[in-house]
Each structure stands twice: as structure tokens, then as C-alpha cells.
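The block underneath contains the structure these notes are about, expressed in C-alpha cells.
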Amino acid sequence: MQLFLLTTLTMVAFAANSILNRFAVAGNLADPGAFALLRLFAGAAMLVCLVLWQHKPLPLFHRKRIVGAGALSLYMVAFSLAYLSLDAGLGALILFGVVQITMFGWTAVSGIPPTVRQIIGAVVAFSGLTWILWPAGGVRVDLVGAGLMGLAGLGWAAYTLAGRLETDALSATSANFVMALPVSAAAILMLGTSLALTWEGAALAVISGAVTSGLGYALWYRLVPRLGSARAATVQLSAPAIAVLAGVLLLGEDLPLRLLLGGVLLLGGIALSIRRTPAR
Numbered sequence: 017m018q019l020f021l022l023t024t025l026t027m028v029a030f031a032a033n034s035i036l037n038r039f040a041v042a043g044n045l046a047d048p049g050a051f052a053l054l055r056l057f058a059g060a061a062m063l064v065c066l067v068l069w070q071h072k073p074l075p076l077f078h079r080k081r082i083v084g085a086g087a088l089s090l091y092m093v094a095f096s097l098a099y100l101s102l103d104a105g106l107g108a109l110i111l112f113g114v115v116q117i118t119m120f121g122w123t124a125v126s127g128i129p130p131t132v133r134q135i136i137g138a139v140v141a142f143s144g145l146t147w148i149l150w151p152a153g154g155v156r157v158d159l160v161g162a163g164l165m166g167l168a169g170l171g172w173a174a175y176t177l178a179g180r181l182e183t184d185a186l187s188a189t190s191a192n193f194v195m196a197l198p199v200s201a202a203a204i205l206m207l208g209t210s211l212a213l214t215w216e217g218a219a220l221a222v223i224s225g226a227v228t229s230g231l232g233y234a235l236w237y238r239l240v241p242r243l244g245s246a247r248a249a250t251v252q253l254s255a256p257a258i259a260v261l262a263g264v265l266l267l268g269e270d271l272p273l274r275l276l277l278g279g280v281l282l283l284g285g286i287a288l289s290i291r292r293t294p295a296r
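So the sequence shown is numbered by the numbering used here: it starts at 17 and just counts up by one.
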């Protein structure tokens, strides 16, 4: 029961990132660049405090930071920019769909042949994602926002894959957050985005960074060994569903049948592709 409750709390934290980001950016409480930088700073501060409290090392200057910090920066910046035009639930669906499909593709090309069930699951998931993104009827998706969220998904997938060989996930994550700060700041300055920020937007960014990102990631890394890789990948799929429900209940977003059915196809296909056959 404790494992179930902690896992549920972590998934709520992941979904809350979409809600907080969407509420701040779409509500003109914060510009995307300012929100991303403050979120990253708050998360780095929280994680560094956790590392220091546990007397762990902080490997800032390591070659793994090149991929880790770069991928995290891509995720943070593109994630915030995408919510200028995407609903919270739809953004979460695209993000997690791209993450899972990218990781599936990487596994397929890395020398491990996919099973028939995994191929079918990938096709179903891609069909659901295509259905959501295809502009028709009353549901029209901003292609720029969808593309930015796709880049965020690629960044998060690369960040996840790069962390598989880390011996201390908390220390590595903290170092990546710290090193991603200057990279993200440089990217935002190059894009020329505004850095306007209200007090309400700043509060949402700090909560998103320190609590739902910093503490959420720390709790997730603690739970993953107890869950196992297969169950951990499966329970993570609940985050988009939570974000959709929260977007409808808290932000008054629409829940058209097309988005609902496409989301079911997307999540069902991903769950099918990552499900393992029990050993006899």
C-alpha cells in the first residue's frame, strides 16, 4: 500500500508539471523562457540541497553532463514554449507518447530485435498519436506547439537513456540540473524570447521546479528499484491521463471524443509494447 501511494503521488507530480506550466504560460503569468529558467533553478536548488544533506558527491564536470545537461535543457525550454498553444492534457499525451516511441525505436536499433507484440503496440501508439495531431473537425492542434512538445519528448527520452549507466541517480540528476542552467539561459537568449514574470508565475515556476520536478524526480528514483523497470515504465503512462483529467477539472479544457479515443489508443499501444511476457 505504501508503494502504491508513493507511486501515485509521483505520477500526480509529473502530471502537475503540465498543469502548472500551462496555467502560468497560457494565463500570461509568465513568459515561457522565464518560467523554464526559474523552474530549472528551483529544481537545481532543491536537488543540490538533497545531495548535500545526504553527503553525496556532485559530479558537475563529467563528460556525461554533455548529454545529460543538453537533453534536459532541450526538454525544459521546448516544454515551456509548447504550452503557449497546447492544452495541458494534449501536451502531456504528446510528450509521453514521443518519449515512449523514441525509447522503443532506440531499443530496436541498438541490436535488440523487437517482438511482434512490441511492433503491434508501437503501431497502435503511433496511430493514436497521429489521430490526435491530425487537424480535422473541431479539434485543431497547433503544429508549432506540437513540434515543440515533440522536441521536449526527444529531450526527455535522451535524458532518460543517458541516465541508465549512472551509478547514483540523485547526484547525476542534481549535476545535470545545475549544468543545464547556463545552457538553457543561452538557448533562451538566442531565441530572443521575453523574460516577463509576475509574482504568481514565479510562485508556479518555483513549485514546478522544487516540488513537482525536484522532489518528484528524487522520489521517482527512489521508487524505480522497488517497482522494477517494466512496472515503472507502465505506471508512468498514468501521468498523461491524470493531466487530461486535471486539465478538464481545473482549467476548464475540452475533452472531445477524438482526443479521448486517441489517448486510449496511444496509451494502450504503449502499454502493449512495453508489457513483458511472464517467464514460465
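Just so it is clear, CB atoms sit at the ideal spot from N, CA and C, and this is done for glycine as well.
Only a predicted model underlies this, so the values are computations on that prediction, with no experimental measurement involved.
Contact set for residue i: own chain, Cβ-Cβ below 7 Å, skip 5 residues either direction
i, result
"Val67", "Leu74, Leu186, Ser187 and Ser190"
"Leu22", "Leu235 and Leu239"
"Ile117", "Ala138, Ala141 and Phe142"
"Ala98", "Gly107, Gly161, Leu164, Met165 and Ala168"
"Ala174", "Val83 and Ala87"
"Gly59", "Phe193, Gly225, Ala226, Ser229 and Gly230"
"Asp184", "Lys72"
"Phe51", "Asn37, Ala40, Val41, Ser96, Gly217 and Ala221"
Classification of residue i by the beta-carbon crowding that lies within 10 angstroms, buried from 16 upward
i, result
"Pro198", "exposed"
"Trp69", "exposed"
"Ser210", "exposed"
"Ile35", "buried"
"Arg242", "exposed"
"Met206", "exposed"
"Ile286", "buried"
"Phe95", "buried"
"Val200", "According to the sequence displayed, residue 200 carries Ser and not Val. By the neighbour-count rule (16 or more Cβ atoms within 10 Å), Ser200 is buried."
"Arg79", "exposed"
"Leu282", "buried"
"Val194", "buried"
"Val125", "exposed"
"Thr228", "buried"
Close-in-space but distant-in-sequence residues of the same chain around residue i (CB under 8 Å, 5 per side omitted)
i, result
"Asp158", "Ser101 and Leu102"
"Phe20", "none"
Run of the alpha helix (DSSP H) containing residue i, from where it starts to where it stops
i, result
"Phe57", "Pro48 to Trp69"
"Phe77", "Segment: none, Phe77 is in no alpha helix (DSSP H) and carries neither H nor E."
"Gly166", "Leu159 to Ala178"
"Ser34", "Gln18 to Ala42"
Cβ shell of residue i (< 6 Å), same chain only, five flanking positions each side left out
i, result
"Gly171", "Ala87, Leu90 and Tyr91"
"Leu220", "Leu36 and Ala40"
"Leu25", "none"
"Thr214", "Leu45"
"Val115", "Gly169, Trp172 and Ala173"
"Gly217", "Ala40, Leu45 and Ala46"
"Ala29", "Thr228 and Gly232"
Every unbroken alpha helix (DSSP H) inside the region 192-265 [4 residues or more]: 215-222, 232-243 and 245-251
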